[in-house]
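Residue numbers (my numbering), protein chains in the order written: chain A, 1306 to 1743; chain B, 1123 to 1670. Cβ coordinates follow ideal geometry from the N, Cα and C atoms, glycine included. Below is one structure, written out as structure tokens; comments come after it.
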């Protein structure tokens, strides 16, 4: 039993703080239960179960601080771990960037825990695997997939009176379907807080259909193409803008957000004016906890508004240095979409390429946020509003900034890895070579 | 990308390193790292609880891994210590075969009761999954080793070296970089000690003490007037060595090509010397010539080529990928069984000999026994350019008609199930005397590349693109200056068949990957790749510069 209620967590943490003799003490208590199943070659391969609980104690004397952790919570253990953090703090080097612990905060309530997800059994996981394997085998296709479910809580308290608690559940699922002649491959991903929203058979069917549709792809010349990016494709590039949101590296002159001649791009238009990116822990489709590891409240925050950089993220130290309020890093990514369905986007395309996902994305140049990677598991040529045939995979070299400047149409939003991302049609996406990979 | 990765990226500075949080254990003091763990006799008693419980519940095979993982990480920037982390993780992982199906469970409750409970969970998972299992697990036979032990042959245990000495060394290196014109420096030391005990129903009780170390440094130079920044990463390699790797012995240095000032480090790294050169080179990179795209002969330093070997040879020859077990994550492989069975598949040119090796001293992959009790060895993957073999473990090797595991099964901790991981994969040096300067003299139009950079390869390992740390233009047998915006794109088979020359053994060094990811849930592993400087002809080079 690793999941404590709010009151149980409060009691353990209050007990731990009662042993503190340092200038300040802060404790983080967390626990989780998770299970997974993995299958390949149309049969189950490995599966496992993990249980974990942990208490982290941070003590500080002035600027000297240290942490100690323990996974047993009887009085003797709590006393021992607090004492150990104090001993370590006393011999730690001074950290001039240590900001001390926060006082009491007010947090919003976010619904991130669903009972049904917390009750998933090994039998349910085996059934999920079977919902992929049986229909795949019937269509001469081979399934390889993975499902992971978890339920957990995290809580925080300090000697200045701060208290925070959150309980959450999560299920994530991916499956790759390969046609048995080796020439077609399809893939799908799903993730939810609520297992009730998950339909393994529906998801698996999409991947099977793509595997069959993508068989015997034709090679077309690499170059600049109009692309329709499914949300699972664009998140790989959009997510990497996140690294550039750090105000400190921008101020230091070593980030895409640094400006020529000094300063940052805060307030500047960097992408198409239809681009709006925010984060919101209370969004009902992608809820998250409402506080971060330092106990800072997380609120809805706009990062890019009408194409303009609206906020950069400031840690508490850097915010103090710059005389601004701290801005916590985003807990999720929400990009505004439009009304167009995938079908609408295809119908309105004269010549283009539909991309299921991008793979092995790596930074090439942090100066321009240039990334390389490849298309994978379903890449199709569109002509006069129709999918004509599958095409061989491409390597791309592209920057999400250039991509969002070349925006043609925004489509409907979809939840991907805890984020909300729209289908997008982009012109002049740069493919630099062909790959024989299926 | 997972949301948590977005947050991790967002939360880290440009010079910071991604560190898998799962490697972290409980925070302890540096002194506590020195506390001995359970003695071998106690571990044997506990392991037998797992094995006997599993047998009594119907398992036909079981193994138990009691692991104590000690890590120390030191992070600095410029003149500040950012963090010193000491962690300990202790627990047991139990793997069983019941009804012909694998089951696995782990616990940090290393008591008789805790072990019995986890064993029961592993059995329950195996039985639940056996209902949809199509083919029962088949294990290659393994010799019973009885009670044995193995230890990385280190000279200085990092746990015995005071933290202050490590901090001072990093801060001295940072200062050297700043004095030579750097604007920012981030440096770190990662030190790992795996104390792992393995026991199986096949009758082996194996106690191993494994050490690894990785110093990193990133030196950044900025020209604010044009808004440009460049980072020159250090040219160390993660190694299967003790703290003696930080001694910076002259006897372990190999001079790089004339005109570059580069030094190759073998079994000893001089971080202060490298930091000094890194600062000078980071400044040069700000004004280096942007490459003209086109075909070039590439001269690749071992500290660069290692990553190319890793991605284009190591991964495609993992048998689990070839068979489809990794299809949903890392992918499959172009090196299919029919190509191997043909007996004449030309992976590379005639001079290309690639060997897998779990025994090479100082390498990250070196252990006495793998994580399913198989004694480690060395074997051919590619001989005279022809594909000869794969990397396989006990439950796979029968699928390629062999009856002996290759001994390359690994788990990152007691908490994760072991599976097939890449052994060290290395390119044998050339037989004739031939230095890096000899090689450059023979090149008319080429690029010399040292250090790792951007790397990306498709899911079947055909098409790849690699960058590097530093690039030098070669014209008519001479290094003529530094280049920028370089990346090369090729196809694995085409690339290895364009290999025309390999320097001799005196230039041989190992490169390493400390956090190689694979599997679901993802696990990291550490692996080395040896080579001498090597030439590849007519490779396609692209220009990665963009203006926004």
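Cβ-Cβ distances below 7 Å link residue 1623 (chain A) to 1552, 1553 in the same chain, with the five nearest sequence neighbours on each side left out; the list follows chain order. Linking residue 1631 (chain A) to residue 1501 (chain A) through their CA atoms gives a straight-line distance of about 37 Å. When C-alpha distances from residue 1287 (chain B) are compared across B:1228, B:1333, B:1206, the shortest belongs to B:1206. In the DSSP annotation of this structure, the continuous segment of the beta strand (DSSP E) that includes residue 1637 (chain B) starts and ends at 1631 to 1640.
Taking the C-beta atoms as reference points, residue 1727 (chain A) is found nearer than 8 Å to residue 1715 (chain A).
The shortest CA-to-CA distance from residue 1462 (chain A) to any of A:1447, A:1546, A:1588, A:1362 is the one to A:1362.
For residue 1324 (chain A), no Cβ of chain B is located within less than 8 Å of the residue's own Cβ.
Put simply, the CB of residue 1427 (chain A) is near chain B, with a gap under 8 Å to one of its CB atoms.
Straight through space, the alpha carbons of residue 1735 (chain A) and residue 1711 (chain A) are spaced by roughly 11 Å. Nearest CB-CB separation between residue 1431 (chain A) and chain B: below the 8 Å threshold. Using a 10 angstroms sphere on the CB of residue 1544 (chain A), the tally of other CB atoms reaches 16 or more, which defines it as buried. Residue 1327 (chain A) is positioned such that its CB atom lies closer than 8 Å to that of residue 1366 (chain A). Contact residues of the segment 1536 to 1547 of chain B toward chain A are 1537, 1538, 1539, 1541 (C-beta to C-beta distance below 9 Å). For residue 1718 (chain A), the closest Cβ of chain B is not nearer than 8 Å. Of the residues assessed, residue 1515 (chain B) falls on the buried side of the cut-off, its CB having 16 or more other CB atoms within 10 angstroms. Residue 1573 (chain A) counts as exposed, since fewer than 16 other C-beta atoms from the protein chains shown sit within 10 angstroms of its C-beta. Among the bridge pairs identified by DSSP, residue 1694 (chain A) is matched with A:1686. For residue 1296 (chain B), no chain A residue has a Cβ inside 8 Å of its Cβ, as the nearest lies near 14 Å away. At a cut-off of 4 residues, the continuous stretches assigned as alpha helix (DSSP H) that sit fully inside the segment 1627 to 1676 of chain A are 1647 to 1652. The beta-carbon distance between residue 1247 (chain B) and residue 1227 (chain B), rounded to whole angstroms, is 7 Å. This is short enough to meet the 8 Å contact definition. Annotated three-state conformation of residue 1541 (chain B) is strand, per DSSP.
The criterion of a C-beta distance shorter than 8 Å is not satisfied by residue 1194 (chain B) and residue 1361 (chain B).
For residue 1312 (chain B), the secondary structure class from DSSP, reduced to helix, strand or coil, is strand.
Within the DSSP secondary-structure output, residue 1318 (chain B) pairs in a beta bridge with B:1189, B:1330. Taking C-beta atoms as the reference points, residue 1160 (chain B) and residue 1321 (chain B) fail to come closer than 8 Å.
Taking CB atoms only, residue 1685 (chain A) has no neighbour in chain B less than 8 Å away. With three or more CB-CB distances shorter than 8 Å, the segment 1429 to 1441 of chain B counts as touching the segment 1640 to 1652 of chain B. Neighbours of residue 1564 (chain A) in chain B, taken as residues at a C-beta separation under 7 Å, are given in chain order as 1349. Ranked by Cα distance from residue 1438 (chain A), the first of A:1513, A:1477, A:1387 is A:1513. One alpha carbon belongs to residue 1616 (chain A), the other to residue 1414 (chain B), and they sit about 38 Å apart.
In this structure, the alpha-carbon of residue 1417 (chain A) lies about 15 Å from that of residue 1335 (chain A).
Per DSSP, the continuous alpha helix (DSSP H) segment holding residue 1707 (chain A) begins and ends at 1705 to 1710. According to the DSSP assignment, residue 1596 (chain A) belongs to no beta strand (DSSP E), since it is labelled neither H nor E.
Residue 1252 (chain B) and residue 1618 (chain A) have their alpha carbons spaced roughly 49 Å apart.
When rounded, the separation of the alpha-carbon atoms in residue 1259 (chain B) and residue 1546 (chain A) is 45 Å.
According to DSSP, residue pairing for residue 1455 (chain A) in a beta bridge involves A:1339, A:1475.
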